[in-house]
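Reading through the structure tokens given below for one structure.
Number of protein chains: 2
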Amino acid sequence: MTNKPTLFALPGSTEEVEEGQAFSPKFDAEGLITCVVVDARTGEALMVAHMNAAALAKTIETGDAWFYSRSRAKLWRKGETSGHVQRVKEMRVDCDQDALLLKVEQEGPGACHTGRRSCFYRTVTLRQPAGQSVSLSFVDADRAFDPGKVYGKPTK
Amino acid sequence: MTNKPTLFALPGSTEEVEEGQAFSPKFDAEGLITCVVVDARTGEALMVAHMNAAALAKTIETGDAWFYSRSRAKLWRKGETSGHVQRVKEMRVDCDQDALLLKVEQEGPGACHTGRRSCFYRTVTLRQPAGQSVSLSFVDADRAFDPGKVYGKPTK
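In the order they appear, the protein sequences are chains A and B. In this note's numbering, each residue carries its 1-based index in the first sequence increased by 431. In this note's numbering, each residue carries its 1-based index in the second sequence increased by 431.
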């Protein structure tokens, strides 16, 4: 498997990358591109993940979201264990083609492996006085499913 | 300037990172963390950028969005040239603390240096037959401002 399938154009000039119609995704030094996944209906940010060229090709071919897991070093169809697959309704690329936006229909109750609908269930305290460590607050953090049951391992 | 100000906790166990209230952002090998910026009012995805520890500290202290520009290798207050600053209304961190979500009030007409409101102004064609190169379509791509005037250089 090559890292640069003919499916994708090689990046051209800045003008071509920003104003052209050729898809030339810019993979980083590890061969990955950042993907922001949002709910297609509500726009809610669900998660951030990464794709390598193979995951991107599979997503484009099938319409289901595939990613590359850095921690497990493997290609991964979102929901392959949990059943919480993501049907990609629309994919967008940003101006310099180094980030993707996936608008998905999230099957099942949630996208996060901790059991929440979204991975973004904590806020960061802003305008923290200098010298104090920054704390988090839980918001929208109710569990939509029991990760222990869904993934077949204890939550803690 | 150290890369790990005392402002941020060092990552602990998975349980602490995912279920704790200590902010322990996970910077990558380059010392950066991915930030997704969305409109606080509409939820629209505006851009993806990166912060180093200094940019993150400045954002938390001031409430304005600061990033680290990889191409220019410098700290950068969003809008410092264009005037299109981003007031951070809420910041969230994801489950494993390696991505940030910024809900911002975008000042001025747009976030993208190409003149659009959002950097995501092109869709990627899905379910492309194998072997054909993937194309982009322009959507929501009308210019909200003239980048040549705002940045003081020609658009092309």
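Ideal Cβ placement from N, Cα and C applies to all residues, glycine included. Since we're looking at a predicted model, the values are computed, not measured.
Rounded separation between residue i and residue j - CA only
i: residue 567 of chain B; j: residue 532 of chain A; result: 13 Å
i: residue 536 of chain B; j: residue 562 of chain B; result: 43 Å
i: residue 451 of chain A; j: residue 486 of chain A; result: 23 Å
i: residue 548 of chain B; j: residue 440 of chain B; result: 35 Å
i: residue 454 of chain B; j: residue 564 of chain B; result: 43 Å
i: residue 493 of chain B; j: residue 478 of chain A; result: 26 Å
i: residue 582 of chain A; j: residue 466 of chain A; result: 23 Å
i: residue 558 of chain A; j: residue 488 of chain B; result: 10 Å
i: residue 527 of chain A; j: residue 448 of chain A; result: 6 Å
i: residue 457 of chain A; j: residue 444 of chain A; result: 13 Å
i: residue 482 of chain B; j: residue 483 of chain A; result: 22 Å
i: residue 541 of chain A; j: residue 503 of chain B; result: 38 Å
i: residue 510 of chain A; j: residue 545 of chain A; result: 13 Å
i: residue 539 of chain A; j: residue 446 of chain A; result: 41 Å
i: residue 574 of chain A; j: residue 543 of chain A; result: 10 Å
i: residue 473 of chain B; j: residue 517 of chain B; result: 15 Å
i: residue 500 of chain B; j: residue 512 of chain A; result: 37 Å
i: residue 571 of chain A; j: residue 529 of chain B; result: 19 Å
i: residue 490 of chain B; j: residue 461 of chain B; result: 19 Å
i: residue 438 of chain B; j: residue 463 of chain A; result: 30 Å
i: residue 579 of chain B; j: residue 560 of chain B; result: 39 Å
i: residue 459 of chain B; j: residue 498 of chain B; result: 15 Å
i: residue 442 of chain A; j: residue 515 of chain A; result: 34 Å
i: residue 505 of chain A; j: residue 505 of chain B; result: 34 Å
Residue i in three-state terms, based on DSSP
i: residue 496 of chain B; result: coil
i: residue 608 of chain B; result: It is not possible to answer for residue 608 of chain B, since the shown part of chain B is limited to 432 through 587.
i: residue 556 of chain B; result: coil
i: residue 434 of chain A; result: Its pLDDT being 46, under 50, residue 434 of chain A is placed unreliably by the model, and the measurement read from it follows with that caveat. Coil.
i: residue 443 of chain B; result: coil
Under 8 Å between C-beta atoms of residue i and residue j
i: residue 576 of chain A; j: residue 553 of chain A; result: no
i: residue 496 of chain A; j: residue 524 of chain A; result: no
i: residue 476 of chain B; j: residue 551 of chain B; result: yes
i: residue 522 of chain B; j: residue 468 of chain A; result: no
Exercise. Using a beta-carbon distance cut-off of less than 8 Å, what residues from the segment 461 to 479 of chain A approach chain B?
Worked result: 465, 467, 469, 473, 474, 475, 476, 478 and 479
Problem set entry | Contained alpha helix (DSSP H) runs [length at least 4] in the segment 458 to 528 of chain B, N- to C-terminal order | 484 to 493
Exercise. Name the residues in the segment 494 to 526 of chain A whose C-beta lies less than 7 Å from a C-beta of chain B; which are they?
Worked result: 494, 519, 521, 522, 523, 524, 525 and 526
For this session: May I ask you to list, following chain order, the residues of the segment 542 to 562 of chain A that have a beta carbon less than 9 Å from some beta carbon of chain B?
Result: 543, 544, 545, 547, 549, 550, 551, 552, 553, 554, 555, 556, 557, 558, 559, 560, 561 and 562
For this session: Quick one: which residues of the segment 444 to 457 of chain A get their C-beta closer than 8 Å to a C-beta of chain B? List them in chain order.
Result: 446, 449, 450, 451, 452, 453 and 454
For this session: Using a Cβ-Cβ cut-off of less than 7 Å, list which residues of the segment 525 to 540 of chain A approach chain B; keep chain order.
Result: 525, 526, 530 and 532
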